[in-house]
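In the numbering used here, the protein residues as written are 1 to 158.
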């Protein structure tokens, strides 16, 4: 705080930083997602609302979980907003590439999530990351799948 008070910065900036540090939200903000901007054009796209590009960025800790080994499932734990879904989306891309190299020309992947808003967001992210290969991924909520199974068994009707 003393260094902040003594810093040679414009008062509005000092006040903003001081408020962020003193309200206790600073540490929480540091733990949230971060977006790396590699160029001025990236910053312009971000400010123009192209958040999808930034959501698809992986940090080095996330990158190590992406490659599909094909051996065993991976359990990825973390608080909301830490990028678990983004890692899963990249793992789907890796799986599609692995299957295509092995001779499966049109793989079928079911990607499940818990809310309809996550279904919509995941579809946007798959479209951006996979391009035409996004057609191989079906995104649905777990509830929708259960309802579909029960309906086909004659146990449920919508």
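All C-beta atoms, glycine included, are put in the ideal place defined by N, C-alpha and C.
On a predicted model such as this, the values are computed, not experimentally measured, just so you know.
On the criterion of 16 or more Cβ atoms from any shown chain inside 10 Å, does residue 135 qualify as buried, or is it exposed? exposed
On the DSSP bridge list, what partners appear for residue 111? 139
Beta-carbon spacing of residue 111, residue 67 below 8 angstroms: no
For my contact list, residue 141 and residue 113 are in at a C-beta cut-off of 8 angstroms; report their separation, rounded to the angstrom. 6 angstroms
What do you get for residue 29, buried or exposed, if any count of 16 or more other CB atoms within 10 angstroms of its CB means buried? The pLDDT assigned to residue 29 is 49, lower than 50, so where the model puts this residue is not dependable, and the model offers no usable value.
Identify whether residue 80 lies in helix, strand or coil by the three-state DSSP scheme. coil
Looking at residue 86: is its Cβ nearer than 8 angstroms to the Cβ of residue 95? Cβ atoms of residue 86 and residue 95: not closer than 8 angstroms.
Delimiting residues of the alpha helix (DSSP H) encompassing residue 124: 116–130
To the nearest angstrom, report how far apart residue 147 and residue 65 are at their CA atoms. Between the C-alpha atoms of residue 147 and residue 65 there is a straight-line separation of about 32 angstroms.
Taking only beta-carbon atoms, is residue 97 less than 8 angstroms away from chain D? Absence of chain D from the displayed structure is noted, only one protein chain being present.
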